[in-house]
Amino acid sequence: MRTLQLPPPLDLSHPRPISPGGCPSAGDFEMGSPTRSWCGSLILPERPRTSESRRPSWSASNAPDSIPKDTWRVLPGSYVAFSLDVAGSANCYPPNSRAAEALLTFNGGRYIGLVVGSFVTRSEDDTRYNEDLTVLFVARTPPPIPEAADYFIPIAPCSDEESWERKSIDTKPLFPLKDRLQWTTFGTLLRIETFVESSLRFNMDDDEFNRVEKFVEADIKVLSEAPVTNALTKLRVPAEPVPATVWRDIRGEHREDPMDYVVELYELIDVLHAESENQ
Numbered sequence: 002m003r004t005l006q007l008p009p010p011l012d013l014s015h016p017r018p019i020s021p022g023g024c025p026s027a028g029d030f031e032m033g034s035p036t037r038s039w040c041g042s043l044i045l046p047e048r049p050r051t052s053e054s055r056r057p058s059w060s061a062s063n064a065p066d067s068i069p070k071d072t073w074r075v076l077p078g079s080y081v082a083f084s085l086d087v088a089g090s091a092n093c094y095p096p097n098s099r100a101a102e103a104l105l106t107f108n109g110g111r112y113i114g115l116v117v118g119s120f121v122t123r124s125e126d127d128t129r130y131n132e133d134l135t136v137l138f139v140a141r142t143p144p145p146i147p148e149a150a151d152y153f154i155p156i157a158p159c160s161d162e163e164s165w166e167r168k169s170i171d172t173k174p175l176f177p178l179k180d181r182l183q184w185t186t187f188g189t190l191l192r193i194e195t196f197v198e199s200s201l202r203f204n205m206d207d208d209e210f211n212r213v214e215k216f217v218e219a220d221i222k223v224l225s226e227a228p229v230t231n232a233l234t235k236l237r238v239p240a241e242p243v244p245a246t247v248w249r250d251i252r253g254e255h256r257e258d259p260m261d262y263v264v265e266l267y268e269l270i271d272v273l274h275a276e277s278e279n280q
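The opening residue of the sequence shown carries number 2 in my numbering; numbering runs sequentially from there.
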C-alpha cells in the first residue's frame, strides 16, 4: 500500500462528522473561530483495520476482511464532483432555530476535485460505514494565495502545454474540461452522504498518480514552513469531514472557484457555532 507521508500528522482516527447521527456540540465548531486552526497539512496515514485507508494498489481481493468489499467506492487518483450535503444535520437543532433553517435552505455549489485519500470508518453507533475522501481542488486559475501561487499542475487538455513548468496530468479518458489546474496544497475532507454512481469515470493510472503525489508532498512540505494566515488555514484540508454529495461523473454544471466553496463552508460553520454557543 502506497502512503503519502506529509508533516505534520493529521489524526483522522476519530472524526466528528457534521452529519445525521453525529449532532454537533459547541466543541465541534471551534474550527469556525478565526483564532483557531481547524485545518492541518494533508497526510494519508496508515490506519488500523477498523479504520482502513485504500490506495490504488489495493483491489477487492486483498481489502481487509473487516470491511465489506463494496464499501470503498472511490479510489485515490479519481476525479469527482461534490457539493455540501447538510440538510440531514438540521434535526440536531431546534426546528425554528437559525441553524436548522440555514441547513435546510442551504443551496451550495458543485465543485470538482482530485481524490488523494479514501478512508473507511465504522460509525459511532455501529450502524454504518463512513467513507471519507481527501480531495484537492480543481480550478481555472492558480491558488489566490501568494505563498501557494505556484502550487498547481495543469490538467490535459491544455491550450499552451509548453508554458507550464510541470507536465500536465493525463487522465483516462481525457479530462472533459480544458485549461484546468490541479491545486496541490488546498482541498477539503468529505464524508459521503449521497453518492451518484456513473459508468463514466475520470481517473489517472498508478504511475501518473505517483508523479502527482510527489508534487503534492513537496509543495505541502514547503508551504508548511510559511507563516500561518487565516487564508491558508481555511484553504488547507480540514481535520474534520464535512457531509457531501459526491458524483462519479464530473461533467455538468459546476463552479470554477474553490474559494466559493470555502465561503459556503465557513458561513455555515459561523451560523452553527453561534447556535451552539447559545444552547
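Beta carbons are placed, not taken as given, at the ideal position from N, Cα and C, and that holds for glycine. Note that the structure is predicted; figures quoted are calculated from it, not measured.
- If you draw a 10 Å sphere on the C-beta of D133, you find 16 or more other C-beta atoms in it, and that means buried.
- At the C-beta level, G188 and V238 come within 8 Å of one another.
- Contact between the stretch 209-227 and the stretch 257-267 is absent: fewer than three C-beta pairs spanning the two stretches fall below 8 Å.
- Around the beta-carbon of P96, fewer than 16 other beta-carbon atoms lie within 10 Å, marking it exposed.
- Contact check for L201 against V243 fails: the beta carbons are separated by 8 Å or more.
- For the beta strand (DSSP E) assignment, the uninterrupted runs of no fewer than 3 residues enclosed by the stretch 121-149 are, from N- to C-terminal side, 130-140.
- Of the residues assessed, D127 falls on the exposed side of the cut-off, its CB having fewer than 16 other CB atoms within 10 angstroms.
- The secondary-structure analysis by DSSP pairs P244 across a beta bridge with R192.
- Excluding residues up to 5 positions away in sequence, E198, S199, R202 lie with their Cβ nearer than 6 Å to the Cβ of R249 in the same chain.
- In the three-state DSSP reduction, K179 falls in the coil class, being neither helix nor strand.
- A straight line joining the alpha-carbon of Y112 with that of E162 spans about 24 Å.
- Rounded to the nearest whole angstrom, the CA to CA distance from R252 to K215 is 27 Å.
- DSSP lists S79, K173 as the bridge partner or partners of N204.
- With contacts defined by Cβ atoms closer than 8 Å, V117 and P77 form a contacting pair.
- Contact between I154 and R167 holds, since their C-beta atoms are separated by about 5 Å, short of 8 Å.
- Out of Y152, L175, R192, S119, the CA that lies nearest to the CA of L182 is found in Y152.
- Here F210 carries a helix assignment [DSSP, helix/strand/coil].
- Using a 10 angstroms sphere on the CB of A219, the tally of other CB atoms stays under 16, which defines it as exposed.
- Looking at the backbone, the Cα of A103 and that of Y267 are separated by about 12 Å.
- Around the CB of W184, 16 or more other CB atoms lie within 10 Å, so the residue is classed as buried.
- Note on geometry: alpha-carbon atoms of S90 and G110 lie some 18 Å from one another.
- When secondary structure is reduced to three states using DSSP, G110 falls in the coil class, being assigned neither helix nor strand.
- Note that the C-beta distance between V213 and L236 is not below 8 Å.
- Pairing D261 with A140, the inter-Cα distance amounts to about 11 Å.
- Within the model, the alpha-carbon separation for N108 versus Y80 is close to 22 Å.
- Excluding sequence positions up to five before and after N204, its CB lies within less than 8 Å of the CB of L76, G78, S79, Y80, T172, K173, all in the same chain and listed in chain order.
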